[in-house]
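Trainee: Counted the way our numbering counts, the sequence shown spans residues 189 to 566. Note that CB positions come from ideal geometry on N, CA and C, so glycine has one too.
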Amino acid sequence: MFFKSPPKDKASWGVVCTCAEPTPLMVAFVAHHLEMGAHRVYLFLDQPNPELCDILADVRKCEIIVCDAAYWLKAVGTDRPVSTEKRQIQNAFNAYGRAEVDWLAHVDADEFLHSDVDLARYLGAVPDGVDYVAVPNVERVFDSTVAQRHLFDGVMRRPLPRGWIKQELIFKEDVTPYLSRGLPAHGSGKSIMRTGVGLLPGIHSPRSSSSMERRATAIDGVGVSVFHYDGLTGLHWVMKLRRLYFNQNQKVSKHGLFGTPRGEQLHYVVENEGEFDALFTLHQMLKTLHPNDIERLDMLGLICRGQIDPLGAIERLGLSEKVDMSLSAFDGYLGNWQEDLPDQRKRWYRLSRRSARTAAVATPDGAVPETSKSLAET
């Protein structure tokens, strides 16, 4: 035999997530991963969500933990940690310690695992002695010539491979301050951890506990990705930035966002005083690409051709009658973040349609012919 140890036919696996996202996103997250073959989906609710609990009440293999004051007192012996990252790590640690699955992925609510092969068989083939699989992330980008119609529209772009020339030598100077390895969110990936070996979960990768007496070992995942929907809708992405802006004194000082791509995005919001149209411009600059640019990225191997179908998974799980997965319904949930949302939502849709028409008639350098301007502006 070529390998030192025999493979395991199928390894059990699960996902853990700390979430405070709209109900449709969480239902899609659960349905997608269960259809992939997850043995457990752990949802730690950072805020109460009775609607979600009701929808998923009869879904086997999904466990919902409400992180209220009583939970935190039991988990950490004190009040709810202020840092979002600390809460995420603590919840992942709690799920990891149960060892109800052979492998556990720690991801965010807007991150969906994808594998070219059956993930259970893939993990079963991972050699003994490997503590975790480092899973690269890809990030959704929209076609700038088409306004978003469905929650999971778009294509997935890869981060620039490590070892490539700097992004400043590839992309235009007006976008690179807002990017990390070519992506507006991050290119750090996530991890699928082997349970029972004493790892300490992290946001992107785990570390060794003192009981391991060695460094954690990893392999880079091949054919496995995390699909990152950083903003399930364009308005969702903008509202996240606005929420950071309106809480900037608390958020920025504690997390040191300035100097990072996300921090530069927030700095743009601050400079524009949260003005809605300015944020729309930022979204179109970072989160949409002309088909010519998408094709060029594809030629460079920077577009992921994998496909996922969360909406179909919801239907196959029998939940499609319980949750409205339309764009307008999802965006309606965002009103909990800002009172003036209804007016802004209508404006967002108008701006999106107008921007798509403009992009569709633009020349390769982005210019709009005079004869086409009136059509684009209607």
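Return the chain-ordered list of same chain residues with a C-beta closer than 6 Å to the C-beta of Tyr-230, the five sequence neighbours on each side being excluded.
Mentor: Taking the first residue of the sequence shown as position 1, residue 230 is located at position 42. Same-chain partners within the cutoff: Val-204, Glu-251 and Ala-283.
Trainee: How far does the beta strand (DSSP E) with Phe-232 in it reach, from first residue to last?
Mentor: For the purposes of this step, residue 232 is taken as residue 44 along the sequence shown, with counting starting at 1. Per DSSP, Phe-232 belongs to the beta strand (DSSP E) from 228 to 233.
Trainee: Under three-state DSSP, which class holds Leu-292?
Mentor: In the sequence shown, counting from the first residue as 1, residue 292 sits at position 104. Strand at Leu-292.
Trainee: Counting only runs of 4+ residues fully inside the stretch 192 to 273, write out the alpha helix (DSSP H) ranges in chain order.
Mentor: With a minimum length of 4 residues, the continuous alpha helix (DSSP H) runs that stay inside the stretch 192 to 273 are 211 to 224, 238 to 243 and 257 to 264.
Trainee: Keeping to the same chain, check which residues put their C-beta closer than 7 Å to that of Gly-384; ignore five residues upstream and five downstream.
Mentor: The residue labelled residue 384 in the question sits at position 196 within the sequence shown. Around Gly-384: Ala-287.
Trainee: Below 8 Å between beta carbons: does that hold for Leu-429 and Leu-388?
Mentor: The residue labelled residue 429 in the question sits at position 241 within the sequence shown. The residue labelled residue 388 in the question sits at position 200 within the sequence shown. No; because the gap between Cβ atoms is not below 8 Å, this pair is not in contact.
Trainee: Output the boundary residues of the alpha helix (DSSP H) element that contains Lys-475.
Mentor: Counting from 1 along the sequence shown, the entry for residue 475 is found at position 287. Where Lys-475 is concerned, the enclosing alpha helix (DSSP H) stretches over 464 to 475.
Trainee: What does the alpha-carbon distance come out to for the pair Pro-365 and Asn-279?
Mentor: For the purposes of this step, residue 365 is taken as residue 177 along the sequence shown, with counting starting at 1. For the purposes of this step, residue 279 is taken as residue 91 along the sequence shown, with counting starting at 1. Approximately 33 Å, taken between the alpha carbons.
Trainee: What residue range does the alpha helix (DSSP H) around Asp-481 cover?
Mentor: Within the sequence shown, residue 481 is the residue found at index 293, counting from 1. Segment 479 to 487, the alpha helix (DSSP H) holding Asp-481.
Trainee: Which of the three DSSP states is assigned to Val-440 in this structure?
Mentor: In the sequence shown, the residue the question calls residue 440 occupies position 252. With a pLDDT of only 44 at Val-440, under the threshold of 50, the placement of this residue in the model should not be trusted; the figure read from the coordinates follows. Helix, per DSSP.
Trainee: So is Met-513 buried or exposed if we call it buried at 16+ other beta carbons inside 10 Å?
Mentor: Along the sequence shown, one-based indexing puts residue 513 at 325. Met-513 is buried by the Cβ-count criterion.
Trainee: Let me confirm a value: Asn-480 is counted as buried when at least 16 other C-beta atoms fall within 10 Å, else exposed. Which label applies?
Mentor: By one-based count along the sequence shown, residue 480 stands at place 292. Exposed, since its Cβ has fewer than 16 Cβ neighbours within 10 Å.
Trainee: Within 10 Å of its beta-carbon, does Lys-378 have 16 or more other beta-carbons around it, so buried, or fewer, so exposed?
Mentor: The residue you call residue 378 lines up with position 190 of the sequence shown. Buried, since its Cβ has 16 or more Cβ neighbours within 10 Å.
Trainee: Pull up the CB-CB distance for Gly-411 and Asp-341, whole angstroms please, since I reckon it's below 8 Å.
Mentor: Taking the sequence shown and counting its residues from 1, one reaches residue 411 at position 223. Taking the sequence shown and counting its residues from 1, one reaches residue 341 at position 153. At roughly 24 Å, the Cβ-Cβ gap does not stay under 8 Å, so Gly-411 and Asp-341 are not in contact.
Trainee: Quick check: the stretch 454 to 465 against the stretch 418 to 434, are at least 3 beta-carbon pairs closer than 8 Å?
Mentor: Taking 8 Å as the limit for Cβ pairs, the verdict is that the stretch 454 to 465 does touch the stretch 418 to 434.
Trainee: Are the Cβ atoms of Arg-345 and Val-329 separated by less than 8 Å?
Mentor: Here residue 345 is taken as the residue at index 157 of the sequence shown, counted from 1. Here residue 329 is taken as the residue at index 141 of the sequence shown, counted from 1. Their beta carbons are under 8 Å apart, which means Arg-345 touches Val-329 by this criterion.
Trainee: For Glu-239, I'd like the list of residues in its chain whose CB is within less than 8 Å of its CB, leaving aside the five on either flank, ordered along the chain.
Mentor: Translated into the one-based positions of the sequence shown, residue 239 becomes position 51. Counting only Cβ-Cβ distances below 8 Å, and skipping sequence neighbours, we find Thr-211.
Trainee: Should Asn-437 go down as buried or exposed, given a rule of 16 or more other Cβ atoms within 10 Å for buried?
Mentor: The count along the sequence shown starts at 1 and reaches residue 437 at position 249. Unreliable placement is indicated for Asn-437, whose pLDDT of 48 sits below 50; no coordinate value is reported for it.
Trainee: If you count every other CB in all the chains shown that lies within 10 Å of the CB of Gln-276, and 16 or more means buried, which is it?
Mentor: By one-based count along the sequence shown, residue 276 stands at place 88. With 16 or more other Cβ atoms within 10 Å, it is buried.
Trainee: Which same chain residues, not among the five before or five after Ala-313, have their C-beta less than 7 Å away from its C-beta?
Mentor: Along the sequence shown, read from residue 1 onward, the residue named residue 313 stands at position 125. Counting only Cβ-Cβ distances below 7 Å, and skipping sequence neighbours, we find Pro-195.
Trainee: Looking at C-alpha atoms only, which residue of Leu-507, Lys-249 and Pro-324 is the closest neighbour of Leu-213?
Mentor: Taking the sequence shown and counting its residues from 1, one reaches residue 213 at position 25. Looking at the Cα atoms, Leu-507 is the closest of the given residues.
Trainee: Give every residue of the same chain whose Cβ lies closer than 8 Å to the Cβ of Trp-425, excluding the five residues on either side of it in the sequence, and list them in chain order.
Mentor: For the purposes of this step, residue 425 is taken as residue 237 along the sequence shown, with counting starting at 1. Excluding positions up to five away in sequence, the list reads Asp-418, Gly-419, His-471 and Lys-475.
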